[in-house]
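**Student:** Heads up: the sequence shown at position 244 corresponds to 244 in UniProt numbering, and the numbers run straight through without jumps. The beta carbon of each residue, even a glycine, is placed where N, CA and C say it ideally should be. Shown below is the structure under consideration.
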Amino acid sequence: MLMKFKRERNMNISDFFDKIYVINLPERVDRRREMEKEIKSIGLNFNSEKVKIFPAIKPTEKLAFPSIGVLGCYLSHLEIIKIAKTDKLSHILVMEDDLAISSRFCSVQTQLLDELSQVNWDLLFLGYLAYNKLKLSDYYNFYDPDISTTWTHLKKANYPTLGTHFYAVNHTAYDSLILFLEELLKKRFQTCFFEKDPNFDDLDGAYIDTAYYLFRKQNPEIVSLIVCPSLGWQRSSPSDISPRMISSSLDKVVLIKPLVSFLRLIKLKLKKTLDYLKPELFDWWDI
Numbered sequence: 001m002l003m004k005f006k007r008e009r010n011m012n013i014s015d016f017f018d019k020i021y022v023i024n025l026p027e028r029v030d031r032r033r034e035m036e037k038e039i040k041s042i043g044l045n046f047n048s049e050k051v052k053i054f055p056a057i058k059p060t061e062k063l064a065f066p067s068i069g070v071l072g073c074y075l076s077h078l079e080i081i082k083i084a085k086t087d088k089l090s091h092i093l094v095m096e097d098d099l100a101i102s103s104r105f106c107s108v109q110t111q112l113l114d115e116l117s118q119v120n121w122d123l124l125f126l127g128y129l130a131y132n133k134l135k136l137s138d139y140y141n142f143y144d145p146d147i148s149t150t151w152t153h154l155k156k157a158n159y160p161t162l163g164t165h166f167y168a169v170n171h172t173a174y175d176s177l178i179l180f181l182e183e184l185l186k187k188r189f190q191t192c193f194f195e196k197d198p199n200f201d202d203l204d205g206a207y208i209d210t211a212y213y214l215f216r217k218q219n220p221e222i223v224s225l226i227v228c229p230s231l232g233w234q235r236s237s238p239s240d241i242s243p244r245m246i247s248s249s250l251d252k253v254v255l256i257k258p259l260v261s262f263l264r265l266i267k268l269k270l271k272k273t274l275d276y277l278k279p280e281l282f283d284w285w286d287i
């Protein structure tokens with residue numbers, strides 16, 4: 001049974017969520033430092049009891065998955081949901097350590113959480129990227145020239161979303177989500193099988209964001225929402241899941257690594273500035 005939550009004036013995310021998990025590989029000190037800045041930017045204390053650094057799982061083999069990083073990501077998210085269930089947490093917020101939080105967040109969080117407290121929900125994606133050839137405007141399904149830094153909207157998630165860098169889970173979804181992810185994992189290990197969706201046949205359930213979409217499709221009673229416009233994206237940084245990406249390869253070139261890091265910082269600051277001014281125009285920006 002879904003439930004609604006009591007409204008509170010000037011509510012912030014530390015009031016609303018029982019625990020905020022930040023997934024981080026212990027060796028990625030660079031990402032941990034960046035996440036400290038992101039957390040601080042929205043008024044949270046990185047060392048508070050509400051914020052929990054979850055040491056990302058790093059398997060020794062990739063088994064039936066595309067890479068060790070993909071398997072580790074899947075297992076890490078699954079384990080967090082299981083911990084939340086065991087600890088009887090009402091609802092949790094999950095962040096990955098490459099998250100960049102919109103500059104609009106502090107302005108809209110009270111309105112967002114007020115709206116969320118009045119609706120039934122199971123999954124909420126606060127930050128996401130557009131899948132394949134889709135555009136963010138396809139997810140929003142509206143255009144409002146009056147979109148401002150103090151306004152946001154909750155909408156049903158109808159399309160696959162890329163990324164699990166910024167999302168929330170209500171306790172009402174724990175049991176069914178854990179069961180689905182464990183069954184999908186078992187199928188993958190046994191037969192290298194992965195679920196498909198007839199409308200998006202290139203989706204691979206080995207990736208946790210795709211697994212969440214398949215979960216939503218196979219469980220239509222699950223209320224899955226997205227925040228419009230999106231409030232988070234992934235920072236450019238060396239990837240542990242896709243180490244062959246050009247940006248990750250450039251980080252291995254010692255002479256240009258400082259330049260690459262500097263350009264990433266400039267890109268992040270520029271995107272945050274533009275996002276604050278015109279969040280609905282981001283289809284053109286290759287994140």
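Tell me the DSSP secondary structure of GLU96 in three-state form.
**Tutor:** In the structure shown, GLU96 sits in a strand (DSSP, three-state: E or B).
**Student:** In this structure, does DSSP put VAL22 in helix, strand or coil?
**Tutor:** VAL22 falls in the strand class under three-state DSSP.
**Student:** Skipping 5 residues on each side, what residues in its chain have a beta carbon closer than 6 angstroms to that of ARG32?
**Tutor:** Within the same chain, ARG32 has close Cβ partners ASN24.
**Student:** Give the list of continuous beta strand (DSSP E) stretches no shorter than 3 residues that lie fully inside the region 13-94.
**Tutor:** Those beta strand (DSSP E) runs which fall completely within the region 13-94 and span 3+ residues are 19-24 and 51-55.
**Student:** What first and last residue would you give for the beta strand (DSSP E) that runs through GLN118?
**Tutor:** Element bounds for GLN118: n/a, residue is neither H nor E.
**Student:** If I measure Cβ to Cβ from LEU89 and keep anything under 6 angstroms in the same chain, skipping five residues before and after, which residues do I get?
**Tutor:** ASP18 and LYS19, listed in sequence order.
**Student:** According to DSSP, is SER247 part of a helix, a strand, or is it coil?
**Tutor:** In this prediction, SER247 scores a pLDDT of 48, lower than 50, which makes its location untrustworthy; no coordinate-derived value is stated.
**Student:** For THR164, collect the residues of the same chain with a Cβ closer than 8 angstroms to its Cβ; drop the 5 residues on either side in sequence, then sort them by chain order.
**Tutor:** Excluding residues within five positions, the ones whose Cβ falls inside 8 angstroms are CYS73, HIS77, VAL94, GLU96, ILE208, ASP209 and TYR212.
**Student:** Per DSSP, which one or two residues make a beta bridge with VAL227?
**Tutor:** Note: VAL227 sits in a beta bridge opposite LEU154.
**Student:** Thinking C-beta only, is LEU154 closer than 8 angstroms to LEU116?
**Tutor:** Result yes, Cβ atoms of LEU116 and LEU154 sit closer than 8 angstroms.
**Student:** Need the endpoints of the beta strand (DSSP E) that TYR140 sits in, please.
**Tutor:** Element bounds for TYR140: not the beta strand (DSSP E) but the alpha helix (DSSP H), 136-140.
**Student:** For VAL108, list the residues DSSP reports as bridge partners.
**Tutor:** In the DSSP output, where bridge partners are listed per residue, VAL108 has none listed.
**Student:** Excluding sequence positions up to five away, which residues of its chain have a Cβ less than 6 angstroms from the Cβ of ASN224?
**Tutor:** Contrary to the premise, residue 224 reads as Ser rather than Asn in this sequence. Contacts found: LEU123, ALA157 and ARG216.
**Student:** Indicate the three-state DSSP secondary structure (helix, strand or coil) for ALA130 in the structure shown.
**Tutor:** Strand, per DSSP.
**Student:** Under the three-state reduction of DSSP, which class applies to TYR213: helix, strand or coil?
**Tutor:** Of the three classes helix, strand and coil, the one that applies to TYR213 here is helix, per DSSP.
**Student:** Could you check if SER103 is buried or exposed, using at least 16 other CB atoms within 10 Å of its CB as the buried criterion?
**Tutor:** It counts as buried.
**Student:** Pull up the CB-CB distance for ILE81 and TYR174, whole angstroms please, since I reckon it's below 8 angstroms.
**Tutor:** 6 angstroms between Cβ atoms; contact.
**Student:** Using a Cβ cut-off of 8 angstroms (strictly closer), state whether ILE92 contacts chain D.
**Tutor:** You won't find chain D in this structure, because it holds only one protein chain.
**Student:** TYR159 by DSSP, collapsed to three states: which one?
**Tutor:** Coil at TYR159, not helix or strand.
**Student:** What does DSSP give as the partner residue(s) for GLY232 in the beta ladder?
**Tutor:** Answer is ILE101.
**Student:** At the level of alpha carbons, what is the spacing between ASP138 and PHE16?
**Tutor:** In a straight line, the C-alpha of ASP138 is about 29 angstroms away from that of PHE16.
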